[in-house]
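Peer 1: Protein sequence lines, in the order shown, are assigned to chains A and B. At position 10 of the first sequence (counting the first as 1) the number is 10 in the working numbering, and the numbers step up by one without a gap. At position 156 of the second sequence (counting the first as 1) the number is 1156 in the working numbering, and the numbers step up by one without a gap. What follows is a structure written as structure tokens; I'll ask about it next.
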Amino acid sequence: NFTLTSHDEL
Amino acid sequence: MNVFRLLGDISHLLAIIILLLKIWKTRSCAGISGRSQVLFAVVYTARYLDLFTSYISAYNSIMKLVFLAASYGTIYLMFIKFKASYDHNHDTFRIEFLILPCVLLSLLINHEFSPLEILWTFSIYLESVAILPQLFMVSKTGEAESITSHYLFALGSYRALYILNWIYRYYAESHYDVIAIVAGIVQTVLYCDFFYLYITKGIYGQ
Chain A
1 NFTLTSHDEL
Chain B
1001 MNVFRLLGDI
1011 SHLLAIIILL
1021 LKIWKTRSCA
1031 GISGRSQVLF
1041 AVVYTARYLD
1051 LFTSYISAYN
1061 SIMKLVFLAA
1071 SYGTIYLMFI
1081 KFKASYDHNH
1091 DTFRIEFLIL
1101 PCVLLSLLIN
1111 HEFSPLEILW
1121 TFSIYLESVA
1131 ILPQLFMVSK
1141 TGEAESITSH
1151 YLFALGSYRA
1161 LYILNWIYRY
1171 YAESHYDVIA
1181 IVAGIVQTVL
1191 YCDFFYLYIT
1201 KGIYGQ
């Protein structure tokens, strides 16, 4: 479940 | 969200607040690299453009806005309000040597060749080296005020804690982002010499 465009970290 | 990530964010927030308070209370930005601060503003601006495109959580959005505001606030204090105290002569690191390779690398090594993704990647690469003008300034003058040291320690700890967060996420969520991890390790390694001095001087130097 590695997503490209969702960077949920700061 | 795990405890390492939360501690990392708190550490990051603390660093930014320490810096703002230091400048505000002493009415001076002596010993602080304006070049590093400009690089950080570029980093946050390039990375947090996704505020307009993807919503993750209120926490995420608020923190992004705080980092942006604090970063531009710092620049305002350094280059306008307390400009006279800015130490030009010792802040001489050539930032084009950092920016250009990061631009090139983000065009070559990224997750997806799209404008926002390339900007995100660029910001990750640039953040990993953005502290170099500050570390260069400290080594050039041979000293840092203790408050500047606390700022650097908090700022360095943030990415070190993120590494623990990435290890945790790898095992707990099967989530990993190679670009962030490699750049985060580079970023943390750059602080190692400073960490060593901070800890040994903090314990034995007083």
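Glycine residues also receive a C-beta, built at the ideal position from the N, C-alpha and C atoms.
Taking C-alpha atoms, which residue in B:1200, B:1166, B:1165, B:1160 lies nearest to residue 1191 (chain B)?
Peer 2: Stepping through the second sequence from its first residue, residue 1191 (chain B) is reached at position 191. Checked all of B:1200, B:1166, B:1165, B:1160; the closest Cα to residue 1191 (chain B) is B:1160.
Peer 1: Near residue 1087 (chain B), which residues of its chain fall below 6 Å by C-beta distance, leaving aside the five closest residues on each side in sequence?
Peer 2: As a position in the second sequence, residue 1087 (chain B) is number 87, starting the count at 1. Once the five neighbours on either side are set aside, the close Cβ partners of residue 1087 (chain B) are 1030.
Peer 1: For residue 1174 (chain B), report the span of its alpha helix (DSSP H) as first-last.
Peer 2: In the second sequence, the residue the question calls residue 1174 (chain B) occupies position 174. Run containing residue 1174 (chain B): none; DSSP gives neither H nor E here.
Peer 1: For a quick check, are the C-beta atoms of residue 1126 (chain B) and residue 1099 (chain B) less than 8 Å apart?
Peer 2: Residue mapping note: residue 1126 (chain B) aligns to position 126 of the second sequence, counting from 1. Residue mapping note: residue 1099 (chain B) aligns to position 99 of the second sequence, counting from 1. Going by C-beta atoms, residue 1126 (chain B) is nearer than 8 Å to residue 1099 (chain B).
Peer 1: What are the start and end residues of the alpha helix (DSSP H) that includes residue 1047 (chain B)?
Peer 2: Taking the second sequence and counting its residues from 1, one reaches residue 1047 (chain B) at position 47. That run of the alpha helix (DSSP H) goes 1034–1047.
Peer 1: With DSSP collapsed to three states, give me the class of residue 1159 (chain B).
Peer 2: In the second sequence, the residue the question calls residue 1159 (chain B) occupies position 159. Residue 1159 (chain B) sits in a helix when the DSSP states are folded into three classes.
Peer 1: If you run the structure through DSSP and keep just helix, strand and coil, what is residue 1117 (chain B)?
Peer 2: Taking the first residue of the second sequence as 1, we reach residue 1117 (chain B) at position 117. Of the three classes helix, strand and coil, the one that applies to residue 1117 (chain B) here is helix, per DSSP.
Peer 1: Starting from the Cα of residue 1140 (chain B), find the closest Cα among B:1093, B:1067, B:1163, B:1075 and give me that residue.
Peer 2: Position 140 of the second sequence, counting from 1, holds the residue named residue 1140 (chain B). It is B:1093.
Peer 1: Measuring only the C-alpha atoms, how far is residue 3 (chain A) from residue 1085 (chain B)?
Peer 2: In the first sequence, counting from the first residue as 1, residue 3 (chain A) sits at position 3. In the second sequence, counting from the first residue as 1, residue 1085 (chain B) sits at position 85. Residue placement at residue 3 (chain A) is flagged as unreliable, the pLDDT there being 43, under the threshold of 50; a coordinate-derived value is accordingly withheld.
Peer 1: For residue 1001 (chain B), does the three-state DSSP call read helix, strand or coil?
Peer 2: Within the second sequence, the letter at position 1 stands for residue 1001 (chain B). If DSSP states are grouped into helix, strand and coil, residue 1001 (chain B) belongs with coil.
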